[in-house]
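Structure record follows, encoded as structure tokens.
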Amino acid sequence: MALDLNNKSILITGGTGSFGKEFVKTLLHKFPQMKRLVVYSRDELKQFEMSQVFSDREYDCIRYFIGDIRDGERFKRACEGIDIIVHAAALKQVPAAEYNPMECIKTNVMGAENVINAALDCGVKHVVALSTDKAAAPINLYGATKLCSDKLFVAANNMKGKRDVRFSVVRYGNVIGSRGSVVPFFLNKRKDGILPITHPDMTRFNISLEEGVDLVLYAIENSWGGEIFVPKIPSYKITDVAEAIGPDCRQEVVGIRPGEKLHEEMITETDSLNTIELENYYVICPSTPLWSVDEYNKAFNGRTVPMGFKYNSGTNDQWLSVEEIREQIRLHVDPTFKVTYNNIEA
1 MALDLNNKSI LITGGTGSFG KEFVKTLLHK FPQMKRLVVY SRDELKQFEM SQVFSDREYD
61 CIRYFIGDIR DGERFKRACE GIDIIVHAAA LKQVPAAEYN PMECIKTNVM GAENVINAAL
121 DCGVKHVVAL STDKAAAPIN LYGATKLCSD KLFVAANNMK GKRDVRFSVV RYGNVIGSRG
181 SVVPFFLNKR KDGILPITHP DMTRFNISLE EGVDLVLYAI ENSWGGEIFV PKIPSYKITD
241 VAEAIGPDCR QEVVGIRPGE KLHEEMITET DSLNTIELEN YYVICPSTPL WSVDEYNKAF
301 NGRTVPMGFK YNSGTNDQWL SVEEIREQIR LHVDPTFKVT YNNIEA
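Residue 129 in UniProt numbering is what sits at position 129 of the sequence shown, and the numbering runs on without skipping anything.
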């Protein structure tokens, strides 16, 4: 049966971010009869700007709640009558987290605990938390806080008692064109004729906002509780992104920033012991069994991945070419994007 969120009440934390705006746009288009769609975030200006696009006068269901995910009482009040929480709020900038560690912990770890407690206390039916490839074998504080958050959401299924609620996680890579990502940075820098490259061998996973939204909707529809859903997505080389955006620009190697990896990982070799493969996704099952993996495989036509499997952006078998990166930019970032090389338009 297809997912139907009409007559449901949905809350998204960090709802004024890149993902939040795409998620709201998708829900309003697909499910016009939603009971309530609550955008919860702490930035009043971003909420005002978003309300000019998605007005509560045009969409009867939408509500804008000012609040910080760190404030458990305020968040609990916002969750009254909510059926589904999508948790996208986080501090995400790696260098900022390295310099301000406790601020990152308060939002990403203690904020996650506030989401869990509110869901348990308010009768929420399903919680999907957004994670990151940096949570797999983390080497920076941001990744460590998101790993901790992932563990909290998975373990929440053990403490729900008789409540009818499921907690699950979706984990994916860099979102092309999102705030703070490399594509808008390079688009802005190419006018200078120099594009700073952290390392010529660096790779990253790539996903669009639309694909990220689809993954969350898949988790809402299919989760049994405790899964970490990982999409099968392509990788790109940072040098290819630079070539795609500024073929006439000089690439200047500036060194890896504090807390950065050369390649990202979404499933570690140890994770593979609990990982199954579906057609379009991998699923990391909870290490403390909550349901039968064999039954899960039968239900979704899955299979256990081989021993020693790992999902790494540097050893991925899917890659974006330079021209495919350009097409992704036109499709998801700037439809008017053009480049010239030796005065010839590419």
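The C-beta atom is built at its ideal place from N, Cα and C for all residues, glycine as well. Note that the coordinates shown come from a computational prediction; the quantities given were computed from them, not determined experimentally.
Problem set entry | Buried or exposed (CB count within 10 angstroms, at least 16 for buried), V182 | buried
Exercise. Can you tell which of L147, F153, S131 and P138 has the C-alpha that lies nearest to the C-alpha of I116?
Worked result: F153
Exercise. Taking one C-beta from the stretch 204-222 and one from the stretch 311-325 each time, how about it: are there three or more such pairs within less than 8 Å?
Worked result: yes
Exercise. What are the partner residues of K237, as DSSP defines its beta bridges?
Worked result: T203
For this session: Report all residues from its chain with a CB closer than 6 Å to the CB of I10; omit the five preceding and five following residues, and keep chain order.
Result: L37 and I84
Exercise. Going by DSSP, what residues sit across from P231 in a beta bridge?
Worked result: Y281
Exercise. Per DSSP, Q251 forms a beta bridge with which residues?
Worked result: L195
Exercise. Excluding the five sequence neighbours on either side, which residues of its own chain have a C-beta within less than 6 Å of the C-beta of G226, listed in chain order?
Worked result: V154, N157, P286 and L290
For this session: Indicate the three-state DSSP secondary structure (helix, strand or coil) for residue 363 in the structure shown.
Result: The structure shown does not extend to residue 363, since the chain spans only 1 to 346, so no value can be given for it.
Exercise. V130 and V170 look like a contact to me (Cβ under 8 Å); what is the Cβ gap, rounded to whole Å?
Worked result: Before going on, a small fix: residue 130 reads as Leu here, not Val. Their Cβ separation, rounded to whole angstroms, is 6 Å, which keeps L130 and V170 in contact under 8 Å.
Exercise. Just how far apart, CA to CA, sit V128 and K134?
Worked result: 18 Å
Exercise. Could you check where the alpha helix (DSSP H) with M102 kicks off and where it finishes?
Worked result: P101 to I105
Exercise. In terms of alpha-carbon separation, which member of M159, I12, T239 and L278 lies closest to F65?
Worked result: I12
Problem set entry | Backbone secondary structure at I57 - three-state DSSP | Here residue 57 is Arg; the residue named in the question, Ile, does not match the sequence. If DSSP states are grouped into helix, strand and coil, R57 belongs with coil.
Exercise. Buried or exposed: where does K162 fall if 16 or more other Cβ atoms within 10 Å of its Cβ makes it buried?
Worked result: exposed
Exercise. Cα separation between M102 and K146?
Worked result: 13 Å
Exercise. In chain order, what residues of the same chain lie with their CB nearer than 6 Å to the CB of E49, ignoring the 5 residues before and after it?
Worked result: none
For this session: Determine the direct distance from the alpha carbon of I82 to that of K8, and round the result to whole angstroms.
Result: 8 Å
For this session: Going by DSSP, name the residue or residues bridged to W319.
Result: S235
For this session: Under 8 Å by Cβ, that's how I've got G212 and A89 pegged, so tell me the actual separation to the nearest angstrom.
Result: Actually they do not touch by this definition, with Cβ atoms about 15 Å apart.
Exercise. Given that a residue counts as buried once 16 or more other Cβ atoms are within 10 Å of its Cβ, and exposed if not, what is residue 424?
Worked result: Outside the shown range of the chain (1 to 346) lies residue 424, about which nothing can therefore be said.
For this session: State the Cα-Cα distance for the pair D201 and K237, rounded to the nearest angstrom.
Result: 7 Å
Problem set entry | N188 burial status per 10 Å Cβ neighbour count (16 or more: buried) | exposed
Exercise. Quick one, are the C-beta atoms of V241 and Y282 less than 8 Å apart?
Worked result: no
Exercise. Residues in its own chain within less than 8 Å of L120 by CB, not counting five upstream and five downstream?
Worked result: A156, M159, K160, R163 and V165
For this session: Count the other C-beta atoms from every protein chain shown that fall within 10 angstroms of the C-beta of S55, then say buried if there are 16 or more, exposed otherwise.
Result: exposed
For this session: Would you give the residue range spanned by the alpha helix (DSSP H) that V182 belongs to?
Result: V182 to K189
Problem set entry | CA-to-CA distance, E44 to P247, given in whole angstroms | 40 Å
Problem set entry | C-alpha distance - S18 paired with Q52, whole-angstrom precision | 16 Å
Problem set entry | Straight-line Cα distance separating R42 from N6 | 27 Å
Exercise. Excluding sequence positions up to five away, which residues of its chain have a Cβ less than 8 Å from the Cβ of E321?
Worked result: Strictly speaking, residue 321 in this sequence is Ser, with Glu absent from that position. Cβ within range, chain order: D240.
Problem set entry | DSSP state of L331 mapped onto helix, strand, coil | helix
Problem set entry | DSSP beta-bridge partners of R166 | H126
Problem set entry | Other residues of its chain near F309: CB distance less than 8 Å, five sequence neighbours each side excluded | I267, E269, S272 and T275
Problem set entry | Cβ neighbours of A112 in the same chain (closer than 6 Å, five flanking residues each side left out) | S149 and L152
Exercise. Among I62, Y40 and Q47, which has the Cα closest to the Cα of H29?
Worked result: I62
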